[in-house]
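A.B. asks: I have a structure I would like to understand better, so I am pasting it below and will then ask my questions one at a time.
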Amino acid sequence: MTSPGFSPSQLALRCIFDQLHRTYGDLGWWPGDSRFEIMVGAVLTQNTAWRNVEKALANLKAANALSLDALLALPTAALAELIRPSGYFNIKADRLGNLCRFLADAGGDTGLAAMATDALRPALLGVKGIGPETCDDILLYAFDRPVFVIDAYTRRLLKRHGLAQGDEPYETLRAGFERALGPDVPMYQAYHGLIVEHAKQACAVRPRCVGCGLAVSCPKRA
DNA sequence: ACCCAGGGTCATA
DNA sequence: TATGACCATGGG
Numbered sequence: 000m001t002s003p004g005f006s007p008s009q010l011a012l013r014c015i016f017d018q019l020h021r022t023y024g025d026l027g028w029w030p031g032d033s034r035f036e037i038m039v040g041a042v043l044t045q046n047t048a049w050r051n052v053e054k055a056l057a058n059l060k061a062a063n064a065l066s067l068d069a070l071l072a073l074p075t076a077a078l079a080e081l082i083r084p085s086g087y088f089n090i091k092a093d094r095l096g097n098l099c100r101f102l103a104d105a106g107g108d109t110g111l112a113a114m115a116t117d118a119l120r121p122a123l124l125g126v127k128g129i130g131p132e133t134c135d136d137i138l139l140y141a142f143d144r145p146v147f148v149i150d151a152y153t154r155r156l157l158k159r160h161g162l163a164q165g166d167e168p169y170e171t172l173r174a175g176f177e178r179a180l181g182p183d184v185p186m187y188q189a190y191h192g193l194i195v196e197h198a199k200q201a202c203a204v205r206p207r208c209v210g211c212g213l214a215v216s217c218p219k220r221a
């Protein structure tokens with residue numbers, strides 16, 4: 000009843016995961032050297048290709064600005080200039096400022112790490128500029144919480160496999176994944192990365208399930 | 001030239 | 001609740 004309209008079987012979701020993992024291996028998601036870098040990257044990658052985010056992150060590193068204190072000390076206009084390659088640079092500069100102020104108030108990422116997920120998730124969602132996907136990227140990859148990330152690719156993949164209609168509310172899909180798979184941080188981390196990687200391949204590769212023979216559909220485009 | 005990318009907010013109905 | 005406009009760079 001927690002996820003009306005989306006009750007996938009554990010078998011179906013595991014089947015897709017196993018084929019993707021067999022095809023692409025361990026991708027090492029999320030790339031990043033610190034919790035803070037992952038959080039910043041999660042904001043910068045909103046509706047943006049990752050290669051553009053890498054340029055912005057490189058600019059921040061070169062300016063020695065990829066830390067909470069350094070970013071807080073940076074004027075918004077200067078921050079916007081550094082992250083220009085990632086697009087939406089004005090609004091993202093504001094969002095990073097919101098995130099940094101929230102972090103500082105909460106005692107940095109050490110303070111956040113001490114919070115229970117049930118308290119941390121609403122707190123993050125309360126930051127202007129952090130929606131459900133960015134929030135869950137942060138929870139799953141920066142703080143290793145068992146939260147499944149839902150993105151447009153995941154929706155299309157579910158739709159193509161007939162597991163969901165695709166336009167269900169975010170929370171419905173997230174709850175469906177988590178209930179079917181059970182809490183498994185390493186698998187959640189790998190799974191989302193694999194879906195994105197599979198989309199990047201743009202159907203150049205077509206993993207096929209050994210057991211059921213069903214191919215894993217390409218989640219690129221509608 | 002057009003379409004898309006590892007989304008989210010806000011105004012409007 | 002549910003659309004639509006807006007944000008903006010860079011690669012295919």
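Going by numbering that gives the first Met the number 0, the first sequence wraps up at 221, each residue one higher than the last. Each residue gets a CB set at the ideal place from its N, CA and C atoms; glycine is no exception. Remember, predicted model here, so these are calculated numbers, not experimental data.
Should the segment 45-56 be regarded as contacting the segment 77-97, the criterion being three or more beta carbon pairs within less than 8 Å?
C.D. replies: yes
A.B. asks: Can you tell me whether DSSP reads Pro74 as helix, strand or coil?
C.D. replies: coil
A.B. asks: Below 8 Å between beta carbons: does that hold for Glu132 and Asp108?
C.D. replies: no
A.B. asks: So the candidates are His160, Leu67 and Gly165; which of them puts its Cα closest to the Cα of Met95?
C.D. replies: In the sequence as displayed, the identity of residue 95 is Leu instead of Met. Nearest of His160, Leu67 and Gly165 to Leu95, Cα basis: Leu67.
A.B. asks: Just to confirm, is the Cβ distance from Asn63 to Ala72 under 8 Å?
C.D. replies: no
A.B. asks: Determine the direct distance from the alpha carbon of Ala77 to that of Gly4, and round the result to whole angstroms.
C.D. replies: 46 Å
A.B. asks: Roughly how many whole angstroms lie between the Cα atoms of Ala163 and Glu170?
C.D. replies: 13 Å
A.B. asks: Buried or exposed: which applies to Ile37, given that a residue is buried once 16 or more other Cβ atoms fall within 10 Å of its Cβ?
C.D. replies: So Ile37 ends up on the buried side.
A.B. asks: Express the C-alpha separation of Leu157 and Ser2 in angstroms, rounding to a whole number.
C.D. replies: Legend: pLDDT at Ser2 = 46, less than 50; position of this residue unreliable, value from coordinates given subsequently. Rounded to the nearest angstrom, the two C-alpha atoms are 15 Å apart.
A.B. asks: Would you please state the rounded distance, in angstroms, between the beta carbons of Leu193 and Leu59? I believe it to be under 8 Å.
C.D. replies: 28 Å between Cβ atoms; not a contact.
A.B. asks: With Ala61 and Thr75 assumed to form a contact (beta carbons below 8 Å), what rounded beta-carbon distance in angstroms separates them?
C.D. replies: Not a contact, Cβ separation roughly 19 Å.
A.B. asks: With distances taken Cα to Cα, identify the nearest neighbour of Arg34 among Asp25, Leu43, Leu138 and Asn46.
C.D. replies: Closest option to Arg34, judged by alpha-carbon separation, among Asp25, Leu43, Leu138 and Asn46: Leu138.
A.B. asks: Between the Cα of Asp25 and those of Pro218, His197, Lys219 and Ser216, spot the shortest distance and give me the residue it belongs to.
C.D. replies: His197
A.B. asks: Determine the extent of the alpha helix (DSSP H) in which Ala122 is found, giving its start and end residues.
C.D. replies: Thr116 to Leu124
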